[in-house]
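First comes the structure, then the notes that go with it.
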Ligand SMILES: Cc1cc2nc3c(=O)[nH]c(=O)nc-3n(C[C@H](O)[C@H](O)[C@H](O)COP(=O)(O)OP(=O)(O)OC[C@H]3O[C@@H](n4cnc5c(N)ncnc54)[C@H](O)[C@@H]3O)c2cc1C
């Protein structure tokens, strides 16, 4: 049993969206947590689930119909991820492949780039990873140094730099890399986006071992004058941060959905357990010391779900600025709600909370991912302090 979000109410979601929730939940439950744990344990990937979700139109629900997508938006894509997570199958690559990369290519790619990538991202036959984090920049994306230089003879790009913690590079056909061009005249550097195919000569990726029970792995990337075709650049090289932010709002909304799904899954397990586990006269769920933390977790998840819906609605309505603040707050709220829900769920099961058989303890680490990535809790609090409250900046 998973908890049902309050946003599934007819006043908040259309009949179509609620039907989508129900259908995705049914798919997720058909695979279930056992499937997810098995592929993780065996070092495999969620290929069957990914393909089926793609064939059913769930992965590309946000992408343009013209390119095989569903023509809907982040409201729909985020509920797909949330429902899969609530069924115990959070598909991390949904955050990067259709949400960030699909959005950026749909909004800023050339017709040729759209035709090359969007149908595959929509039906799940192709995946794309996203690399922005650098070892010496971290939370400060303004400091990234990955640099693209144009070969004046051929028009090709030469990309040099390092990235860390990039998810799913091994299973992605390409990675969308955030770099900067060298402005030969002024020496200034500008943010821009490049599609780097996985088998591009010189594109090196190394697995970073993580203490996370998840099928998706993280990688360090090293690029030393990696030669890319002229059309590897997505969008305008002079557009600066604008294009990048178009992809980062969906990233935050989807990370919120990832956290919400996991939190609902953990809470569902705890509620099931607390209803039946009896060591005194009544089941432990009758003790308020057990019930209240679970009730609080439910309220926190519901609140975060409403913020996530707000962010997705604003984004889908084309209000990038309004969506920015809401998406950051939604990511913060959902990540915190998830960490609390998982912690309380594990505690509710007593010793079984840490037993392998019950599968909850591995979520203790997994739940922290949304607190750190793609932007940490502290950086969101900084953003809200400065942008929403107008407080002065210390850095
Ligand atoms: C599982 C996982 C998957 C990931 N997937 C991807 C991916 O696909 N692509 C990608 O590009 N990246 C990915 N990342 C990287 C992630 O986005 C970064 O880890 C994150 O942005 C934080 O950067 P950092 O690790 O360098 O931490 P740092 O920037 O070094 O920060 C360390 C700590 O200092 C705090 N801090 C830093 N600056 C400030 C400040 N000004 N005020 C207050 N506190 C501050 C931070 O909040 C944090 O707690 C992933 C990370 C993880 C864990």
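In our numbering, the protein residues as written are -16 to 378.
All C-beta atoms, glycine included, are put in the ideal place defined by N, C-alpha and C.
For residue i, count neighbouring Cβ atoms within 10 angstroms of its own Cβ and tell me buried if that reaches 16, exposed if not.
i: residue 248; result: buried
i: residue 378; result: exposed
i: residue 158; result: buried
i: residue 28; result: buried
i: residue 110; result: buried
i: residue 374; result: exposed
i: residue 55; result: buried
i: residue 123; result: exposed
i: residue 10; result: buried
i: residue 372; result: exposed
i: residue 281; result: buried
i: residue 376; result: exposed
i: residue 224; result: exposed
i: residue 167; result: In this prediction, residue 167 has a pLDDT of 44, which is less than 50 and means its spatial position is unreliable; what the coordinates show is noted afterwards. With fewer than 16 other Cβ atoms within 10 Å, it is exposed.
i: residue 264; result: exposed
i: residue 59; result: buried
i: residue 178; result: buried
i: residue 354; result: buried
i: residue 364; result: exposed
i: residue 370; result: exposed
i: residue 324; result: buried
i: residue -6; result: exposed
i: residue 68; result: buried
i: residue 114; result: buried
i: residue 199; result: buried
i: residue 66; result: buried
i: residue 261; result: exposed
i: residue 184; result: exposed
i: residue 26; result: exposed
i: residue 278; result: exposed
i: residue 259; result: exposed
i: residue 269; result: exposed
i: residue 309; result: buried
Can the beta-carbon of residue i be found less than 8 angstroms from the beta-carbon of residue j?
i: residue 215; j: residue 317; result: no
i: residue 196; j: residue 252; result: no
i: residue -4; j: residue -10; result: yes
i: residue 313; j: residue 290; result: yes
i: residue 204; j: residue 149; result: yes
i: residue 213; j: residue 138; result: yes
i: residue 142; j: residue 209; result: yes
i: residue 64; j: residue 240; result: yes
i: residue 152; j: residue 181; result: yes
i: residue 175; j: residue 220; result: yes
i: residue 165; j: residue 130; result: yes
i: residue 294; j: residue 90; result: no
i: residue 349; j: residue 245; result: yes
i: residue 332; j: residue 284; result: no
i: residue 311; j: residue 366; result: yes
i: residue 342; j: residue 13; result: no
i: residue 92; j: residue 117; result: no
i: residue 227; j: residue 140; result: no
i: residue 452; j: residue 77; result: Since the displayed the chain opens at -16 and closes at 378, residue 452 lies outside it and no answer follows.
i: residue 36; j: residue 79; result: no
i: residue 81; j: residue 288; result: no
Practice task
Inspect the CB distances between the stretch 42 to 49 and the stretch 104 to 121 and report whether three or more fall short of 8 angstroms.
Solution key: As far as the Cβ criterion goes, the stretch 42 to 49 touches the stretch 104 to 121, which means the pair count is three or higher.
Practice task
Please confirm if the stretch 29 to 44 is in contact with the stretch 67 to 78, defined as three or more CB-CB distances below 8 angstroms between the two stretches.
Solution key: When C-beta atoms of the stretch 29 to 44 are compared with those of the stretch 67 to 78, three or more pairs fall below 8 angstroms, so the two segments count as touching.
Exercise for the section: Determine, using beta-carbon pairs with one atom in the stretch 323 to 338 and one in the stretch 186 to 193, whether at least three such pairs fall under 8 angstroms. Expected result: Under the 8 angstroms Cβ criterion, the stretch 323 to 338 does not count as touching the stretch 186 to 193, having fewer than three qualifying pairs.
Practice task
Mind listing, in chain order, the continuous alpha helix (DSSP H) runs of no fewer than 4 residues lying wholly within the stretch -7 to 60?
Solution key: DSSP runs (the alpha helix (DSSP H)) wholly in the stretch -7 to 60: -2 to 24, 30 to 38.
Practice task
Would you check if the stretch 292 to 303 and the stretch 0 to 16 touch, i.e. whether three or more CB-CB distances between them fall below 8 angstroms?
Solution key: Taking 8 angstroms as the limit for Cβ pairs, the verdict is that the stretch 292 to 303 does not touch the stretch 0 to 16.
Problem - 4-residue-minimum alpha helix (DSSP H) runs that sit fully inside the stretch 298 to 348, ordered along the chain - result: Unbroken alpha helix (DSSP H) runs of no fewer than 4 residues, entirely contained in the stretch 298 to 348, are found at 303 to 331, following chain order.
Handout entry: Given 8 angstroms, three or more beta-carbon pairs between the stretch 122 to 140 and the stretch 83 to 92
Key = Look at the beta carbons and you see the stretch 122 to 140 not touching the stretch 83 to 92: under three pairs across the two are nearer than 8 angstroms.
Exercise for the section: Please list the segments of the beta strand (DSSP E) lying wholly inside the stretch 65 to 145, counting only runs of 3 or more residues, in order along the chain. Expected result: Fully enclosed beta strand (DSSP E) runs of 3 or longer: 111 to 114, 130 to 133.
Problem - Cβ contact (3+ pairs, closer than 8 angstroms) linking the stretch 223 to 236 and the stretch 351 to 371 - result: Taking 8 angstroms as the limit for Cβ pairs, the verdict is that the stretch 351 to 371 does touch the stretch 223 to 236.
Practice task
Counting only runs of 4+ residues fully inside the stretch 221 to 263, write out the alpha helix (DSSP H) ranges in chain order.
Solution key: Scanning the stretch 221 to 263 from its first residue to its last, the whole alpha helix (DSSP H) runs of 4-plus residues come out as 224 to 259.
Handout entry: Completely contained beta strand (DSSP E) runs for the stretch 152 to 212, where each covers 3 or more residues
Key = The qualifying runs are 157 to 165, 172 to 180, 186 to 191, 201 to 211.
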